[in-house]
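Following: one structure in structure tokens, then a few remarks.
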């Protein structure tokens, strides 16, 4: 990730915190994903969408490739697991999605150019995640949810071999 950041820091990552990121991205750092920008750099490094769920949930899409060039259109799903109380024991864990699951993707990274300019249809990833782009730009009056409101706004991601469908609803707790 540090190599991707270094290669693109004057272009894709021009507005990032250049004092802190090299420290955060160092292979010996204990601060992985502590910066908002790390998720975007990871998406660019691995050529995959990344969905982060937690206090703030966002979908990060590679900036340097199109969907046809991606290793997969299925996002890596990461969950922020915070410590208890004032404990700083914060972690990011990988979530394995069951085959046949329907995911309600979170809002798009708010700093993605198509979101900032509100010109979502020009983004090459729009064809894969149109509802997420639209939900992020216009979430609805009074809406405070960070994920689409209905299963119709969800995405079916799995192998075609699956004969069941499941909806993962990240807005409810068990």
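Residue numbers (our numbering): 91 to 264. Ideal placement from N, C-alpha and C gives every residue a C-beta, glycine not left out.
Span of the alpha helix (DSSP H) holding residue i?
i, result
"residue 136", "127-136"
"residue 95", "92-98"
"residue 204", "203-206"
"residue 113", "111-115"
Looking only at C-alpha atoms, which of the options sits nearest to residue i?
i, options, result
"residue 199", "143, 192, 187", "143"
"residue 208", "185, 225, 218", "225"
"residue 162", "113, 105, 137", "137"
"residue 217", "93, 156, 135, 121", "156"
"residue 164", "221, 147, 181, 141", "141"
"residue 154", "92, 101, 119", "101"
"residue 117", "160, 129, 93", "93"
"residue 135", "159, 169, 107, 145", "159"
"residue 119", "211, 210, 190, 91", "91"
List the endpoints of the continuous beta strand (DSSP E) containing residue i.
i, result
"residue 193", "191-193"
Throw me the rounded Cβ distance for the residue i and residue j pair, which I believe falls under 8 Å.
i, j, result
"residue 183", "residue 171", "6 Å"
"residue 133", "residue 139", "6 Å"
"residue 149", "residue 222", "6 Å"
"residue 167", "residue 187", "6 Å"
Tell me, which residues are paired with residue i by DSSP?
i, result
"residue 149", "141, 198"
"residue 171", "181"
"residue 166", "140"
Given a cut-off of 8 Å, decide if residue j and residue i are closer than it, judged by their beta-carbon atoms.
i, j, result
"residue 111", "residue 215", "no"
"residue 196", "residue 147", "yes"
"residue 103", "residue 127", "yes"
"residue 97", "residue 108", "no"
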